[in-house]
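Following: one structure in structure tokens, then a few remarks.
In our numbering, the protein residues as written are 4 to 115.
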């Protein structure tokens with residue numbers, strides 16, 4: 004197995020609407036149960052976005068950039084996927100796209 008390397012910060016660029024949607028989703032965890040571990044992660048990420056996010060204009064669009072470390076970016080993705088599963092019925096079929104690709108890759112490796 005390959006050695007895991009720490010690659011440092013990950014730049015996350017977002018438009019105004021995305022920032023508002025992400026902050027809303029994170030805030031919902033805090034409102035639902037402030038003592039929950041997910042709410043604590045959400046509060047940490049909200050604080051990070053608020054403190055370290057930088058706004059700018061790109062192609063006449065309000066945008067922001069936040070520098071996350073890999074584990075923070077992974078936690079943001081995990082929290083957003085939990086939020087989507089709770090607030091919206093997940094759409095079917097997307098997992099099978101990954102599953103099919105994995106099976107094809109394994110089959111081609113076995114044939115080699």
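The C-beta atom is built at its ideal place from N, Cα and C for all residues, glycine as well.
The stretch 75-92 and the stretch 58-67 do not touch, with fewer than three beta-carbon pairs separated by less than 8 Å. Taking a 10 Å sphere around the C-beta of residue 79, we find 16 or more other C-beta atoms and assign the residue as buried. Under the three-state reduction of DSSP, residue 21 is assigned to helix. Secondary structure note for residue 84: its alpha helix (DSSP H) is the uninterrupted segment 73-90. One alpha carbon belongs to residue 107, the other to residue 90, and they sit about 33 Å apart. The stretch 22-51 contains no complete alpha helix (DSSP H) run of 4 or more residues.
Counting only residues of its own chain and dropping the five nearest sequence neighbours on each side, residue 22 has a CB closer than 6 Å to the CB of 67. Taking C-beta separations shorter than 8 Å and ignoring five residues to either side along the sequence, the partners of residue 58 in its chain run 65, 66, 67, following chain order.
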